[in-house]
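Have a look at the structure below before the remarks.
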Amino acid sequence: MSTRLAIGLIIAAGAAFLVIAGHLGPLQGLENNSDQGAYLQTATEIQRDGGPLQLVGSLVTGRFSEANRHPLYLALLSLWPTPLGGQLLSVAFGLAAIWGLAPLVMRKFGASVAAVYCTLLATNFACCYASTLVMCESLMVVLATAGWLWFGLPETNHPCSHRVEMQSRFGAGCCWGTLYLTKGTGLLWLAGYCVWLVVSPNRISADSDSKEGCSTPARGRFRHILISLFLVVTGWTFIASPLLVRNGLRFGSLTYNVNSWLLFVDEFKDPTALAETMSLGEAARQYWQSHSIRQLAERGVMGLVWETFILGRSLGPTPLGESRILFGVPLLGLAVIGLLAERRVNVLLLPIWLAICLPVFGWYVPVAAGERFILPLVPPLLTFASIGAVRLAHLWHRERAPLLIAGGCLTWLIVWTALTLRISELS
157 MSTRLAIGLI IAAGAAFLVI AGHLGPLQGL ENNSDQGAYL QTATEIQRDG GPLQLVGSLV
217 TGRFSEANRH PLYLALLSLW PTPLGGQLLS VAFGLAAIWG LAPLVMRKFG ASVAAVYCTL
277 LATNFACCYA STLVMCESLM VVLATAGWLW FGLPETNHPC SHRVEMQSRF GAGCCWGTLY
337 LTKGTGLLWL AGYCVWLVVS PNRISADSDS KEGCSTPARG RFRHILISLF LVVTGWTFIA
397 SPLLVRNGLR FGSLTYNVNS WLLFVDEFKD PTALAETMSL GEAARQYWQS HSIRQLAERG
457 VMGLVWETFI LGRSLGPTPL GESRILFGVP LLGLAVIGLL AERRVNVLLL PIWLAICLPV
517 FGWYVPVAAG ERFILPLVPP LLTFASIGAV RLAHLWHRER APLLIAGGCL TWLIVWTALT
577 LRISELS
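Numbered by my numbering, the letters in the sequence shown go through residues 157 to 583 in order.
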């Protein structure tokens, strides 16, 4: 597919996303006791106290008291802390995941894959819906996907210098630190990246300008891993330091989040009340002692099953409900094909994230189940689904593959956008 045609499809995908996001219905649940209402209330308080710059001072001195929602999205929302302002902010992040990241996808995988990626993401219900909410999920999506594309896909056919690789490690740490400033679950992305550095067979960065190889001698592998991990953690600490300092000063734990207590209950309870009655360690011990191994195993297994279903459903298009799984499963199959077929890059990072996130979020299902937890993994999966679709199109008819892909993208955009508008009119 020509670059010009791909750009046209990418523009059309962004336009379709704006239409869909604008017709998913008015904002719901803006009461003060809802997540969106709490975001707006806290952002209003930040604006009243002096705005984002003053928030940094409140963090490093330990005065900022919010123990659940992390400060980055709140700081941005405080610039216009209204339902409309919050919705426009989230829509902007959703659009950035399409138009802003399309050049990165095109650089890594080519014009055809970029066009299909934007088409699938623009009509993805989970991402479109998150982009209409006054919540941090749309920011999480664009940050996690950008970090994955930039730092998690080193091209094995483009060697690098040691210096460039080390810069990449520090930059990755900064990226995951920004993700942690957005939401506490950003820790899982940091953990997965560190595991990837240890187990990855190709430890090189994506420096397409280098012409010389960069192999690590076997005797220096352990030292190389330690240096890489040190740089990642240093970058992460550098960016996340305001929140880490606040947590240490105010709560006595660098990674404190009041929702951590909900990992050790069987149904939703007020996490603040739980935190006031016992420490996190006490809550964990009490939970393990009051449940049998069978009960713990059942919660883990059933949660994993449900979270896998949620993941498959989250890949489906708007405006379908639970039936999105009928499209999500084939897209998941295409993603597997794309993972297996893409040999130019080291693709282990995404499976590692899935292996970490699915059990953790599955364990959380009895307390809260939803697509917003797994949402940052949707664009990477759709990227590999796009690779799988493009590969199959070329296998079926190589000469006509560009036209088939372009026609498929346009048809997909038109059908799901029209259905969304129709259902919006009926409702």
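Ideal Cβ positions, reconstructed from N, Cα and C, are used throughout, including at glycine. Since the structure is predicted, the reported quantities are computational estimates derived from the model, not experimental observations.
> Which runs of the alpha helix (DSSP H) spanning at least 4 residues fall entirely within the region 393–444, listed in chain order?
Replying inline: 427–433
> What separation, rounded to the nearest whole angstrom, lies between the Cα atoms of L506 and L245?
Replying inline: 27 Å
> Distance, Cα to Cα, A491 vs T200?
Replying inline: 41 Å
>> So, with DSSP's three-state summary, where would you put P473?
In response: strand
> Should T275 be labelled buried (16 or more other beta-carbon atoms within 10 Å of its own) or exposed?
Replying inline: buried
> What alpha helix (DSSP H) runs, 4 residues minimum, are completely inside the region 273–317?
Replying inline: 281–286, 293–307
> Which first and last residues belong to the alpha helix (DSSP H) in which L232 is found?
Replying inline: 227–233
>> For the alpha helix (DSSP H) containing Y349, name the first residue and the last one.
In response: 342–355
> Apart from the five residues just before and just after A270, which ones in its own chain have a Cβ nearer than 7 Å to its Cβ?
Replying inline: A162, I166, A258, V261, M262
> Counting along the chain, where does the alpha helix (DSSP H) carrying G164 start and finish?
Replying inline: 159–178
>> I'd like the span of the alpha helix (DSSP H) that includes D191, first residue to last.
In response: 191–204
> Going straight from the alpha carbon of A347 to that of A453, what length do you get?
Replying inline: 23 Å
> Apart from the five residues on each side of it in sequence, which residues of its chain come closer than 6 Å, Cβ to Cβ, to C513?
Replying inline: L344
> Helix, strand or coil: which one does DSSP assign to V523?
Replying inline: coil
>> In this structure, how does DSSP classify T217 when only helix, strand and coil are distinguished?
In response: coil
> Under the three-state reduction of DSSP, which class applies to K339: helix, strand or coil?
Replying inline: coil
> Buried or exposed: which applies to H226, given that a residue is buried once 16 or more other Cβ atoms fall within 10 Å of its Cβ?
Replying inline: buried
> In three-state DSSP terms, what is R554?
Replying inline: coil
>> Please state whether the Cβ-Cβ distance between A566 and A168 is less than 9 Å.
In response: A quick correction: the sequence has Leu, not Ala, at residue 566. Cβ atoms of L566 and A168: closer than 9 Å.
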